[in-house]
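The structure appears right after this line, and notes come after that.
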Amino acid sequence: MQVKLNLVVGAVAALLSGAAMSQDLVVKIGHVGPTSGAIAHLGKDNELGARLAIEELNAKGVMIGGKKAKFELLAEDDAGDPKQGTAAAQKLVDSKVNGVVGHLNSGTSIPASKVYSDAGIPQISPSATNPKFTRNGYKTTFRVVADDVHLGGTLGKYSVTQLHGKSIAVIDDRTAYGQGVADEFEKGVKGAGGKVVGREFTNDKATDFTAILTSLKGKKPDVVFFGGMDAVAGPMLRQMKQLGIEAKFMGGDGICTGELPKLAAGTMGDGQVVCAEAGGVEGEAKKSMDDFKSKFKSKFNVDVQIYAPYVYDAVNVMVAAMAKAGSAEPAKYLPVLAKTAGYKGVTGVISFDEKGDIKNGALTLYTYKGGAREQLAVVR
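One point on numbering: in UniProt numbering, the residue at position 322 of the sequence shown is 322, and numbering is uninterrupted.
Spelled out as structure tokens, the structure:
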């Protein structure tokens, strides 16, 4: 009789345990980036940052509203294309995600932000730098990096005051990101008393720049700025070398990657390229970033390209807001997310202003020597 009773008690306990487990809170986090196409290496870098954050959160056993949260990553590819970006956003909305980290590009993040806003779903971009991204009045839109006003303007000033550029040429790829950062760079040059001798444009799929570079060569630029991504910048550097243009080459975060020397096929001179990445750490915070990069390399057997740490922080900031609000429902944790202040991430301290922009965002200036990226300075 006692054996039967024990069996019954055991069975009931198992059922109750199973019921408790089934009541775990499932939280869906969406991630969107270009995991196909010319800048797939950057999109995959971002996605891996999200995967690392999700794995660690599940291992920690985060509690939200008294329930253990089980986090799931729903990853979508937007190929860096605005139409595909809005389609990916709608797919995530239809899947009832609790929040989205992405997109990578400004050109996809901006149109997608309306889709998320209409659905009331918080979106944190780890890398969209066009100022328009947070200026549409959407309460759901945030970013964890400085925008192009800061990035482009700082580079423009640097080209005049530090590189002593006398005749500066500007090229952009006509994307929301490329044109935006080039416009701000040009303003920065003029504000520092510099002279822009030529402005040309290409597109983000181009491989032949002979015509625009030949046109600029006649103006004898000592600095060439390119607003665009590394997949275009690499071939452009090769063709500058072929045409004998020995100017400094500058760009924003889109070119500031570990892949650039490979894409330029050995044509970059030491110190020739100067670029800036939105974000940056120094002092004590540098150890957190270095530890993250080591952990990332150990986990995935690849180096961080640019924004994986910012994706990682964005996921964690979002989840911290859910935990504080005691709910993963967008409408309930969104006001808490908007008030994020003093969150210590691997990329530094994260606080949002009234537009959803990061306060006191940093920039890191880099050059390349011996085919490796080398930090010049962190500026705010």
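Quick reminder that beta carbons are idealized off the backbone N, C-alpha and C, glycines included. Note that this is a predicted model, so its numbers are computed, not measured.
Sequence-distant residues of its chain with Cβ nearer than 6 Å to residue i (five each side left out)
i: V27; result: A69, F71, N98, A328
i: T141; result: S113, Q123, T134, G356
i: A88; result: V32, E76, D78
i: T175; result: G107, D204
Beta-carbon proximity check, residue i vs residue j, cutoff 8 Å
i: L52; j: K299; result: yes
i: G85; j: V160; result: no
i: V181; j: V311; result: no
i: A362; j: G348; result: yes
i: A331; j: F352; result: no
i: L260; j: Q239; result: no
i: D222; j: K241; result: no
i: I54; j: L42; result: no
i: S215; j: G227; result: no
Cβ neighbours of residue i in the same chain (closer than 7 Å, five flanking residues each side left out)
i: T207; result: P235
Cβ-Cβ separation, residue j to residue i (assumed contact under 8 Å), whole Å
i: T129; j: L151; result: 6 Å
i: D303; j: G258; result: 6 Å
i: A231; j: L263; result: 7 Å
i: K205; j: I245; result: The pair is not a contact, with the Cβ atoms about 22 Å apart (cut-off 8 Å).
i: A169; j: V224; result: 5 Å
i: I39; j: G80; result: 6 Å
Distance, residue j Cα to residue i Cα
i: G342; j: G279; result: 16 Å
i: P281; j: T364; result: Checking the displayed sequence, the identity of residue 281 turns out to be Val instead of Pro. Whole-angstrom Cα-Cα distance: 8 Å.
i: G178; j: D24; result: 44 Å
i: L48; j: N58; result: 15 Å
i: I110; j: I124; result: 12 Å
i: V144; j: G107; result: 17 Å
i: E200; j: S117; result: 35 Å
i: G137; j: G370; result: 45 Å
i: A119; j: A75; result: 18 Å
i: P34; j: L92; result: 15 Å
i: K166; j: K220; result: 10 Å
i: M268; j: L155; result: 19 Å
i: E354; j: P82; result: 26 Å
i: A276; j: V378; result: 9 Å
i: Q272; j: A233; result: 13 Å
i: D172; j: K195; result: 17 Å
i: T367; j: G251; result: 11 Å
i: K157; j: Y333; result: 40 Å
i: R380; j: I350; result: 14 Å
Proximity test, residue i beta-carbon vs the ligand GTP heavy atom, cut-off 7 Å
i: L337; result: The ligand GTP is absent from the structure shown, which contains no ligand whatsoever.
Beta-carbon contacts of residue i that lie in its chain and below 8 Å, excluding the five residues immediately before and after
i: G153; result: E184, F185, K187, G188, G191
i: S22; result: Summary for S22: the model assigns pLDDT 47, below 50, so the residue's position carries little reliability; its value from the coordinates is reported in the next sentence. Closer than 8 Å at the Cβ level, and outside the excluded window around S22, lies no residue.
i: D147; result: T129, N130, P131, F133, T134, A278, D357, G361
i: P126; result: N46, G49, V101, G102, L104, R143, V144, V145, Y307, Y310, V311, D313, A314
As assigned by DSSP and simplified to three states, the class of residue i
i: F209; result: coil
i: D148; result: helix
i: K355; result: coil
i: R380; result: coil
i: K139; result: coil
i: L243; result: coil
i: K166; result: coil
i: K195; result: coil
i: I39; result: coil
i: M236; result: helix
i: G342; result: coil
i: R174; result: coil
i: A229; result: Note that residue 229 is Met in the sequence shown here, rather than Ala. The answer is coil: DSSP assigns M229 none of H, G, I, E or B.
i: V304; result: coil
i: S22; result: Its pLDDT being 47, under 50, S22 is placed unreliably by the model, and the measurement read from it follows with that caveat. In the structure shown, S22 sits in a helix (DSSP, three-state: H, G or I).
i: E184; result: helix
i: I64; result: strand
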